[in-house]
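S.K.:
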Amino acid sequence: MINQKIFFQGLRALSGVRSPAIPLAACFIALGALLRDAGFNLEQSVASSFFTYALPGQLVMAESFLIGASLINIFLAVWLVNFRLYPMTVSLFPLLKHKSQPKWKYYLSCHFLAISSWLIAKDGYKKIDKKYRIDYWMGIGMGTWSTAVLTTFFGYLIADFLNKDMLIGLAIVNPVYFFCMIVGSMKTLRIIIAVGGGVILGPVFYLFSAEWSILLAGLTAGTIAFLFGEKNGN
Amino acid sequence: MEINYSIFLVITVTSLATFLSRFLGALTSEQLNANSKIFHWFNCIAYSVLAALLSRLIIFPAGILSESDIFIRFLVLVICLTIFLFSKKNLVIPTILSAVILSFLSGIN
Chain V
87 MINQKIFFQG LRALSGVRSP AIPLAACFIA LGALLRDAGF NLEQSVASSF FTYALPGQLV
147 MAESFLIGAS LINIFLAVWL VNFRLYPMTV SLFPLLKHKS QPKWKYYLSC HFLAISSWLI
207 AKDGYKKIDK KYRIDYWMGI GMGTWSTAVL TTFFGYLIAD FLNKDMLIGL AIVNPVYFFC
267 MIVGSMKTLR IIIAVGGGVI LGPVFYLFSA EWSILLAGLT AGTIAFLFGE KNGN
Chain E
-12 MEINYSIFLV ITVTSLATFL SRFLGALTSE QLNANSKIFH WFNCIAYSVL AALLSRLIIF
48 PAGILSESDI FIRFLVLVIC LTIFLFSKKN LVIPTILSAV ILSFLSGIN
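Chains V and E, in that order, are what the protein sequence lines are. Using the working numbering, the first residue of the first sequence is number 87, and each one after it goes up by one. Using the working numbering, the first residue of the second sequence is number -12, and each one after it goes up by one.
(1) Can you list the residues of chain E that residue 89 of chain V reaches, using a CB-CB cut of under 9 Å?
(2) Tell me the rounded alpha-carbon separation between residue 222 of chain V and residue 141 of chain V.
(3) For residue 3 of chain E, which option in V/108, V/114 and V/143 has the closest C-alpha, if you only look at C-alpha atoms?
(4) Ends of the alpha helix (DSSP H) at residue 59 of chain V?
(5) Hey, how far is the Cα of residue 19 of chain E from the Cα of residue 95 of chain E?
(6) Thinking C-beta only, is residue 44 of chain E closer than 9 Å to residue 92 of chain E?
(7) Does chain E have any CB closer than 9 Å to the CB of residue 161 of chain V?
(8) Taking just the CA atoms, how far does residue 69 of chain E sit from residue 75 of chain E?
(9) Pick out whichever of V/110, V/152 and V/266 has its Cα sitting closest to the Cα of residue 122 of chain V.
(10) Output, in chain order, the set of chain E residues within a Cβ distance shorter than 8 Å of residue 105 of chain V.
(11) Report the CB separation of residue 86 of chain E from residue 256 of chain V in whole angstroms; it is logged as a contact under 8 Å.
(12) Does DSSP put residue 84 of chain E in a helix, in a strand, or in coil?
(13) List the residues of chain E that residue 170 of chain V touches, going by C-beta distances under 8 Å, in chain order.
(14) Taking any Cβ of chain V, which residues in the region 43 to 68 of chain E have a Cβ under 8 Å from it, in chain order?
(15) Looking at the secondary structure, which residues open and close the alpha helix (DSSP H) in which residue 78 of chain V lies?
(16) Under three-state DSSP, which class holds residue 59 of chain E?
(17) Given that a residue counts as buried once 16 or more other Cβ atoms are within 10 Å of its Cβ, and exposed if not, what is residue 53 of chain E?
(18) Can you confirm whether residue 73 of chain E, when its beta carbon is compared against all beta carbons of chain V, has any partner nearer than 9 Å?
(19) Within the region 7 to 49 of chain E, note down every full alpha helix (DSSP H) run reaching 4 residues or more, in order along the chain.
(20) Under 9 Å, Cβ to Cβ, is there at least one residue of chain E near residue 303 of chain V?
(21) DSSP three-state label for residue 199 of chain V, please.
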């Protein structure tokens, strides 16, 4: 049902010099500590990473919960902040498609979609036989997702030992990791423009609208990059 | 007991709101060919959205990171990117260093 050799090849993305385990651990340990501060118990904190597994959304959830926002407002705020997962899924899953593979694999494993797993899969999918790419993805996803869940648990337990400077240090690890990964993936002119444009427009649009800045900046810069690529054949 | 019940609901609502985008993404992907123009357009948008998010996280961070100095954050990013590019794209060293340098600089600042 699942090609185990390929699955473990994906799972092994967790080890080695490009491992996402350290940045994942850093941010989910910090999240575990933060959820404890917000009044969540251990089971609830772990359940949050288990079922949501999307850091920005979980942060919005904790903030909204603390200020007593309504469930509808929480839903909308989280949906907006995690909407990036839609274009990310659409720009990955067609690469993993194969007619011999059952659909449940795709609908189940889309839960593993996060920035780390997406960047790893984008980096490595070409090396895998098209027929088994979804198994490779499930391996990557299982590794990154379980790391997140386990380190949330760990972060909750060690919250008392983390001081403010340590938490600030943990908070930078994830953006630094993603920045390195995304710079490493800038191989075509189109992607270089897409990334460069996003880096510039993200903060600029933020000055006008905090909620919509990321999506609007992404849409604008991405479209410019796409049109430029179409025109120049790259 | 009431507070636990509401946390349970909050987690459920958050998870559904998040899964919705992933699910719709998987659904759209069924119709989409990896060689099509729409796919390439989505690909550019995905990279731009990520880049915009990361750039905002460094310049206008939310939460505890906002208590550090923007120049220090920028310095840490530049140091770590340089190490990454000059270490055959090793990610373990720059990520560990980023936490160490920022904790240290925030501590003495």
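Just so it is clear, CB atoms sit at the ideal spot from N, CA and C, and this is done for glycine as well.
M.R.: Taking the structure as given:
(1) Going along chain E, no residue has its Cβ under 9 Å from residue 89 of chain V, so there is no contact; the nearest lies around 20 Å.
(2) Their Cα atoms are separated by approximately 23 Å.
(3) It is V/143.
(4) The first residue shown for chain V is 87 and the last is 320, placing residue 59 of chain V beyond what the model contains.
(5) When rounded, the distance between both Cα atoms is 53 Å.
(6) No, these two residues do not count as a Cβ contact at 9 Å.
(7) Interface with chain E (9 Å Cβ-Cβ cutoff): residue 161 of chain V is included.
(8) One C-alpha to the other measures close to 11 Å.
(9) When C-alpha distances from residue 122 of chain V are compared across V/110, V/152 and V/266, the shortest belongs to V/152.
(10) Listed along chain E are 78 and 79, each with a C-beta nearer than 8 Å to that of residue 105 of chain V.
(11) About 6 Å separates the CB atoms of residue 86 of chain E and residue 256 of chain V; that is less than 8 Å, so the two are in contact.
(12) Helix, per DSSP.
(13) The CB of residue 170 of chain V comes closer than 8 Å to the CB of 8, 33, 36, 37 and 40 in chain E, given here in chain order.
(14) Against chain V - using a Cβ distance shorter than 8 Å - the residues of the region 43 to 68 of chain E are 43, 44, 45, 46, 47, 48, 49, 50, 51, 52, 54, 55, 60, 63, 64, 67 and 68.
(15) Only positions 87 to 320 of chain V appear in this structure, which leaves residue 78 of chain V out of reach.
(16) It is helical.
(17) With fewer than 16 other Cβ atoms within 10 Å, it is exposed.
(18) Residue contact check for residue 73 of chain E against chain V: no CB pair falls below 9 Å.
(19) Counting only runs of 4 or more, we get 24 to 46.
(20) So yes, residue 303 of chain V belongs to the interface.
(21) In the structure shown, residue 199 of chain V sits in coil (DSSP, three-state: anything other than H, G, I, E or B).
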